[in-house]
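A.B. asks:
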Ligand SMILES: [Zn+2]
């Protein structure tokens, strides 16, 4: 047996060597030793750590083989939201994008062109250089903690080459070869094969047992740092080089382009390479290279204005339309759906496609038993493109919308100005069921374990008729449902109870008030702060709120006028459901006596003590307004280390400039 001191030194040496081999193999793709040598060293290190468990370190390569099995995934709040990108489908869309960009920031724009890897977007948190947490994108604000699974991906460094505290983003994916091998294996064991590498990657990373992920040969390309502008880096392309320096694997098929023509040329080049790449891509990402310009361009509600995803043209296939089914939605809208002979499109099998409404069926002259062309819009949602009229045999049947609701039989109406037919029976079981599914969904009350399947059962068994009934469910009732064990029942009841604590906006969105989406719900909750205040709001007060238009205001007033809705809300409150807003408060400039109140402030460079988000939140809480670019309207520039062009501009315009110490001093007052 090795004495402890010798063991410690040998373990350190082994870790260093294994990490180096690992980096050469997985990140650089240039192994310098055979696999057998790597395995031998790994075995030796495992043996030492087995003998001396106290020598095991969090960044030891042995930590990658998969730890304990989890019961469920913890939710993770992203420090900076993970946004999705707007799409371009052709050159015209790209040129429009370029025009919008140049209108906003002038002609000196360069673009960085990168591959869009078809995998799962993840965020990796490092503290002092150590990998501490990895999460899925989720809804962009909240994801799931999949740290243990991500650790099994060899080219995610457990320790970066510098001791920084940062969050990086990337795309975890399954290489084509691993995907094929995995499906072959699954078929051999009579298991369902995965539809495409993306599903396989997502399925692997959402396994509660990390040992499964460890066997799946996943890989990652990292493409951004959440706090890039704090790193003293000025462009996206420099950011990628910086990630390389830190020991991450970035995709090398990238190029900085000076014009949109050059971008389009590069896209053609990459598209030609697509089939030969060892991984799947579903498009090309184009980003404005300068971070200053990115900040100036800013964001829409959904996506950055400085980036766009070029999507490859969709694959089209021919299949037979077997039938048209009708579905009743949450708001009573009747949607016809095409039932198709199953067919493979862009990697997955498609057997249904929404036909949206009667007008569309008439316009495209879609008949039952027609041969139809199907594609996936934006590569996701199946769509019937057109009918092959010349292939008709005479047995095709025209389709007519019914006059009564397929679920409750009440007469359907067409509201003026709308194409959709609606069931307006408030007791319609289909609408109630859909409303319940919406209430528990991720952006609403976010109740884990309560999906469509369970809701449908609860509804069928008459256990739940409205959202308040959910909070009255007992263990005895739930455990009798199909596929419900002791554990899943307890989990379900506890997540229902936990949802009572949600901040008001989730409840508001969950109620399904017309025109009130999750963003409007948040705006209303933040402004009115309690359900009580909102109930009493007048039309004028509602319209005075930023981003709340007439339709929305009307819908809110109408909703709170209904006696049965007020009763339901009272019942929810009695059951303990929170009706107050719990998020960050919006401070009105006139209510703050702070120095920052009402001032327009720009933050630039790297701050030492505070993160950029913390600084922003604190200044905003005191009534200050932060903007991206320095102009004559700017009152104050706070410059951290390595501040660049914004600082110069501030000096040029004679605008007051503070350093971080001055900022901290003022915040402490
Ligand atoms: Zn109905």
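Residue numbers (my numbering): 192 to 860.
Backbone N, C-alpha and C define an ideal beta-carbon position, used for all residues, glycine too.
1) Among the candidates 457, 478, 391, whose CA atom is the shortest distance from the CA of residue 415?
2) With 16 other CB atoms within 10 Å as the buried threshold, where does residue 352 fall?
3) Who sits around ligand 3, taking every residue whose Cβ is closer than 6 Å to one of its heavy atoms?
4) Taking 8 Å as the threshold, find out whether the region 342-356 comes into contact with the region 296-308 through three or more Cβ pairs.
5) Which whole-angstrom value is the C-beta distance of residue 792 and residue 838, which I expect to be below 8 Å?
6) Would you please state the rounded distance, in angstroms, between the beta carbons of residue 401 and residue 339? I believe it to be under 8 Å.
7) With DSSP as the reference, please indicate the residues paired to residue 466 in a beta bridge.
8) Closest to residue 481 by C-alpha separation, out of 447, 467, 500, 499, would be which residue?
9) Flag this pair as yes or no: are the beta carbons of residue 365 and residue 409 separated by less than 8 Å?
10) If you measure between the beta carbons of residue 546 and residue 529, is that distance less than 8 Å?
11) Just the Cα atoms here: how many angstroms apart are residue 659 and residue 736?
12) Can you give me the C-alpha to C-alpha distance between residue 223 and residue 216, rounded to a whole angstrom?
13) Given this structure, state the Cα-to-Cα distance separating residue 376 from residue 629, to the nearest angstrom.
14) May I ask you to list the residues that DSSP assigns as paired with residue 268?
15) Just the C-alpha distance for residue 710 and residue 606, rounded to the nearest angstrom, thanks.
16) For residue 392 and residue 311, which I take to be in contact (beta-carbon distance under 8 Å), what is that distance rounded to the nearest angstrom?
17) Taking DSSP as the reference, what is the three-state secondary structure of residue 659?
18) Round the Cβ separation of residue 864 and residue 551 to the nearest angstrom and send it over; I've been treating them as touching at under 8 Å.
19) Residue 290 to residue 519, Cα distance in whole Å?
20) Relative to the C-alpha of residue 525, which residue among 233, 614, 241, 514 is closest?
21) Could I get the ranges of all uninterrupted alpha helix (DSSP H) runs contained in the region 752-782, with 4 residues as the minimum, in chain order?
22) Can you list the alpha helix (DSSP H) stretches of 4 or more residues lying completely in the region 278-312, in chain order?
23) On the three-state DSSP scale, how would you describe residue 361?
24) Distance check for residue 700 and residue 616, CA to CA, integer angstroms please.
25) For the alpha helix (DSSP H) holding residue 212, just list the boundary residues, first then last.
26) Report yes or no: do three or more beta-carbon pairs, one from the region 750-768 and one from the region 839-846, lie closer than 8 Å?
27) Closer than 6 Å by C-beta to residue 449: which residues in its own chain qualify, once you throw out the five before and the five after it? Chain order, please.
28) Looking only at its chain, what residues have a beta carbon closer than 7 Å to the beta carbon of residue 472, apart from the 5 residues adjacent to it on each side?
29) Indicate whether the contact test is met: 3 or more Cβ pairs, each with one atom in the region 685-700 and one in the region 708-724, closer than 8 Å.
30) I want to know whether the region 201-210 touches the region 240-252 - three or more CB-CB distances under 8 Å.
31) Mind reading off the beta-carbon distance from residue 801 to residue 821? Whole number of angstroms is fine, and I expect it under 8 Å.
32) Between which two residues does the beta strand (DSSP E) containing residue 518 stretch?
33) First and last residue of the beta strand (DSSP E) that includes residue 694?
34) Could you say if the region 329-339 and the region 263-277 meet the contact criterion of at least three C-beta pairs nearer than 8 Å?
35) Excluding the 5 residues flanking residue 548 on each side, which residues of the same chain have their C-beta closer than 6 Å to its C-beta?
C.D. replies: Quick look at the numbers:
1) Position 224 of the chain shown, counted from the first residue, corresponds to residue 415. Here the closest residue by C-alpha is 478.
2) The sequence position of residue 352 within the chain shown is 161, counting from 1. Classification of residue 352: exposed, given that the 10 Å Cβ count is below 16.
3) As far as ligands go, the structure on display features ligand 1 and does not contain ligand 3.
4) Inter-segment contact for the region 342-356 and the region 296-308 is absent: fewer than three beta-carbon pairs are separated by less than 8 Å.
5) Translated into positions along the chain shown, residue 792 becomes position 601. Translated into positions along the chain shown, residue 838 becomes position 647. Going by Cβ atoms, the distance from residue 792 to residue 838 rounds to 14 Å, so no, they are not a contact pair.
6) Sequence index remark: in the chain shown, residue 401 carries index 210 (1-based). Sequence index remark: in the chain shown, residue 339 carries index 148 (1-based). Rounded, the Cβ-Cβ distance is 4 Å, consistent with contact.
7) Counting from 1 along the chain shown, the entry for residue 466 is found at position 275. According to DSSP, residue 466 bridges with nothing at all.
8) The residue you call residue 481 lines up with position 290 of the chain shown. The shortest C-alpha separation from residue 481 is found at 447.
9) Working through the chain shown from its first residue, we reach residue 365 at position 174. Working through the chain shown from its first residue, we reach residue 409 at position 218. Yes, the pair counts as a contact, with Cβ atoms nearer than the cut-off.
10) Position 355 of the chain shown, counting from 1, holds the residue named residue 546. Position 338 of the chain shown, counting from 1, holds the residue named residue 529. In contact: residue 546 and residue 529 (Cβ atoms closer than 8 Å).
11) On the chain shown, position 468 is the one that residue 659 refers to. On the chain shown, position 545 is the one that residue 736 refers to. Roughly 29 Å between the two C-alpha positions.
12) Position 32 of the chain shown, counted from the start, is the residue given in the question as residue 223. Position 25 of the chain shown, counted from the start, is the residue given in the question as residue 216. Residue 223 and residue 216: Cα-Cα distance of roughly 8 Å.
13) Sequence index remark: in the chain shown, residue 376 carries index 185 (1-based). Sequence index remark: in the chain shown, residue 629 carries index 438 (1-based). Their backbone Cα atoms lie some 38 Å apart in a straight line.
14) Here residue 268 refers to the residue found at position 77 when the chain shown is read from its first residue. Here residue 268 is bridged, per DSSP, to 333.
15) What you label residue 710 is simply residue 519 of the chain shown in a count that begins at 1. What you label residue 606 is simply residue 415 of the chain shown in a count that begins at 1. If you take the alpha carbons of residue 710 and residue 606, they lie about 26 Å apart.
16) Position 201 of the chain shown, counting from 1, holds the residue named residue 392. Position 120 of the chain shown, counting from 1, holds the residue named residue 311. Rounded to the nearest angstrom, the Cβ distance from residue 392 to residue 311 is 5 Å, consistent with a contact under 8 Å.
17) Along the chain shown, read from residue 1 onward, the residue named residue 659 stands at position 468. Residue 659: helix per DSSP, three-state reduction.
18) In this structure the chain extends from 192 to 860, so residue 864 is not present and cannot be described.
19) Reading the chain shown from its first residue, position 99 is the one you call residue 290. Reading the chain shown from its first residue, position 328 is the one you call residue 519. Going by the C-alpha atoms only, they are around 42 Å apart.
20) Residue 525 sits at position 334 when you count from the first residue of the chain shown. For residue 525, the nearest C-alpha among the options comes from 614.
21) Counting only runs of 4 or more residues that sit fully inside the region 752-782, the alpha helix (DSSP H) segments are 754-765, in chain order.
22) 282-296, all fully within the region 278-312.
23) Residue 361 sits at position 170 when you count from the first residue of the chain shown. Strand.
24) Along the chain shown, read from residue 1 onward, the residue named residue 616 stands at position 425. Along the chain shown, read from residue 1 onward, the residue named residue 700 stands at position 509. Between residue 616 and residue 700, the C-alpha separation is close to 22 Å.
25) Taking the chain shown and counting its residues from 1, one reaches residue 212 at position 21. Boundaries of the alpha helix (DSSP H) around residue 212: 195-213.
26) Contact between the region 750-768 and the region 839-846 is absent, because fewer than three Cβ pairs lie under 8 Å.
27) One-based indexing of the chain shown puts residue 449 at position 258. Counting only Cβ-Cβ distances below 6 Å, and skipping sequence neighbours, we find 301.
28) Working through the chain shown from its first residue, we reach residue 472 at position 281. Same-chain partners within the cutoff: 306, 307, 308, 309, 465.
29) With contact defined as three or more Cβ pairs closer than 8 Å, the region 685-700 and the region 708-724 are in contact.
30) Taking one beta carbon from each stretch, the region 201-210 and the region 240-252 have 3 or more pairs nearer than 8 Å; the two touch.
31) The sequence position of residue 801 within the chain shown is 610, counting from 1. The sequence position of residue 821 within the chain shown is 630, counting from 1. Not really, about 20 Å apart at Cβ, beyond 8 Å.
32) Along the chain shown, one-based indexing puts residue 518 at 327. 507-519 is the span of the beta strand (DSSP E), which, as asked, contains residue 518.
33) Start at 1 with the first residue of the chain shown, and residue 694 comes out as number 503. No beta strand (DSSP E) contains residue 694, which DSSP labels as neither H nor E.
34) Three or more pairs of CB atoms, one per stretch, sit closer than 8 Å, so the region 329-339 contacts the region 263-277.
35) Counting from 1 along the chain shown, the entry for residue 548 is found at position 357. Its chain contains 610, 611 as the residues whose beta carbon lies nearer than 6 Å to that of residue 548, once the 5 sequence neighbours on both sides are disregarded; these appear in chain order.
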